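> Residue numbers (this note's numbering): 6 to 252. The beta carbon of each residue, even a glycine, is placed where N, CA and C say it ideally should be. None of these values were measured; they are calculated from a predicted model. Quick one: structure below, then a few questions.
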């Protein structure tokens with residue numbers, strides 16, 4: 006009986022023992038195959054990011070030279086105590102600059118309002134009005150939960166055919182490519198930011214997000230929430246035309 010208990014304890018101990026780490030191949034050919042497999046994995050991981058860079062080629066501009074377009078789309082980038090984060094504020098500053106320069110007429114702010122206490126579009130609207138953009142020139146999309154959703158909704162819900170997209174440089178290529186895949190003829194303005202930890206995090210995140218972007222462009226899934234057609238952009242543009250005609 007004692008011997009049986011010892012054998013059981015020994016068996017349990019072997020099962021609880023940490024697994025041995027994988028051993029490197031001992032032969033030169035085996036090590037070469039391992040290096041080749043690692044290189045292939047890196048190439049495959051970077052292919053979507055390379056595709057985004059090529060797809061957005063020639064579509065990126067500054068606030069000074071972007072083509073004049075009726076609509077600008079500003080993507081949400083988080084709130085701090087109910088106010089736009091510094092990164093989002095820089096996007097909104099660029100939109101206000103384009104409006105003052107007469108390069109855009111209407112701003113579509115698209116962001117997350119999935120919770121009552123978290124409302125990106127209204128915070129973006131308030132910021133823009135404080136910086137000189139009339140409230141009547143701002144349209145809110147409350148279901149822009151990610152870049153693909155925002156692009157599809159801009160086209161299908163708000164009827165946007167052509168737009169200037171505003172985001173950080175590390176995100177703008179993905180935004181332009183996905184909006185073009187959704188049917189919106191797009192130009193991008195990538196705003197400058199200091200290269201802090203958030204900036205580097207965003208750059209790394211984009212490498213991972215590029216894979217999802219490739220799947221979105223290929224399979225074109227429905228957004229999380231589509232909903233009925235909105236006429237806000239059309240009404241804002243018609244209001245501009247009506248005011249011009251009465252002058």
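(1) Among residues of its own chain, excluding the 5 on either side of residue 80, which ones have a beta-carbon nearer than 8 Å to its beta-carbon?
(2) Roughly how many whole angstroms lie between the Cα atoms of residue 47 and residue 120?
(3) Compare the beta carbon distance of residue 198 and residue 92 with 8 Å and say whether it is the shorter of the two.
(4) Please check the pair residue 98 and residue 136, which I expect to be a contact at CB under 8 Å, by giving their CB distance rounded to whole angstroms.
(5) Contact between the segment 208-215 and the segment 137-145 is defined here as three or more beta-carbon pairs at a separation below 8 Å; is this criterion met?
(6) Round the Cβ separation of residue 147 and residue 72 to the nearest angstrom and send it over; I've been treating them as touching at under 8 Å.
(7) Quick one, which of 89, 107 and 62 has its alpha-carbon nearest residue 69's?
(8) To which residues of the same chain is residue 130 closer than 8 Å at the C-beta, ignoring the five residues directly before and after it?
(9) For residue 17 and residue 32, what's the separation of their Cα atoms in angstroms?
(10) Quick one: using the 10 Å Cβ neighbour count with 16 as the cut-off for buried, is residue 110 buried or exposed?
(11) Below 8 Å between beta carbons: does that hold for residue 168 and residue 77?
(12) Going by C-alpha to C-alpha distance, which of 62, 56, 58 and 232 sits closest to residue 159?
(13) Report the rounded CA-to-CA distance for residue 228 versus residue 190, giving the unit in angstroms.
(14) Go through the segment 128-160 residue by residue and report every complete run of the beta strand (DSSP E) that reaches 3 residues or more, in order.
(15) Applying the criterion that 16 or more other CB atoms from any shown protein chain within 10 Å of the CB defines a buried residue, is residue 221 buried or exposed?
(16) Where are the alpha helix (DSSP H) runs, 4 residues long or more, that stay fully inside the segment 40-127, in chain order?
Answer, in terms of the structure:
(1) Reading the chain shown from its first residue, position 75 is the one you call residue 80. Cβ neighbours of residue 80 within its own chain (closer than 8 Å, five residues either side excluded): 96, 115, 116, 149, 152, 155, 170, 171, 172, 176 and 180.
(2) For the purposes of this step, residue 47 is identified with residue 42 of the chain shown, where counting begins at 1. For the purposes of this step, residue 120 is identified with residue 115 of the chain shown, where counting begins at 1. Reliability of the predicted coordinates at residue 47 is poor, the pLDDT of 46 falling under 50, and no value is obtained from them.
(3) Along the chain shown, read from residue 1 onward, the residue named residue 198 stands at position 193. Along the chain shown, read from residue 1 onward, the residue named residue 92 stands at position 87. Against a cut-off of 8 Å, the Cβ pair of residue 92 and residue 198 comes out as a contact.
(4) Counting from 1 along the chain shown, the entry for residue 98 is found at position 93. Counting from 1 along the chain shown, the entry for residue 136 is found at position 131. Indeed, because the Cβ distance is near 7 Å, the residues count as touching under 8 Å.
(5) These segments do not touch.
(6) Position 142 of the chain shown, counted from the first residue, corresponds to residue 147. Position 67 of the chain shown, counted from the first residue, corresponds to residue 72. The Cβ separation is near 28 Å, so there is no contact.
(7) Stepping through the chain shown from its first residue, residue 69 is reached at position 64. Cα-wise, what sits closest to residue 69 is 107.
(8) The residue you call residue 130 lines up with position 125 of the chain shown. Same-chain partners within the cutoff: 114, 140, 143 and 145.
(9) The residue you call residue 17 lines up with position 12 of the chain shown. The residue you call residue 32 lines up with position 27 of the chain shown. Model confidence at residue 17 stands at a pLDDT of 49, short of 50, so the residue's coordinates are unreliable; what they give is reported in the following sentence. Taking the straight line from one Cα to the other gives about 35 Å.
(10) As a first step, residue 110 is located in the chain shown; it is residue number 105 there, counting from the start. Result: buried.
(11) Mapped onto the chain shown, residue 168 falls at position 163. Mapped onto the chain shown, residue 77 falls at position 72. Closer than 8 Å, so yes.
(12) Taking the first residue of the chain shown as 1, we reach residue 159 at position 154. Put simply, of 62, 56, 58 and 232 the residue whose alpha carbon is nearest the alpha carbon of residue 159 is 232.
(13) Working through the chain shown from its first residue, we reach residue 228 at position 223. Working through the chain shown from its first residue, we reach residue 190 at position 185. Cα to Cα, residue 228 sits roughly 19 Å from residue 190.
(14) 143-146
(15) Against the chain shown, residue 221 aligns to sequence position 216. So residue 221 ends up on the buried side.
(16) 91-105
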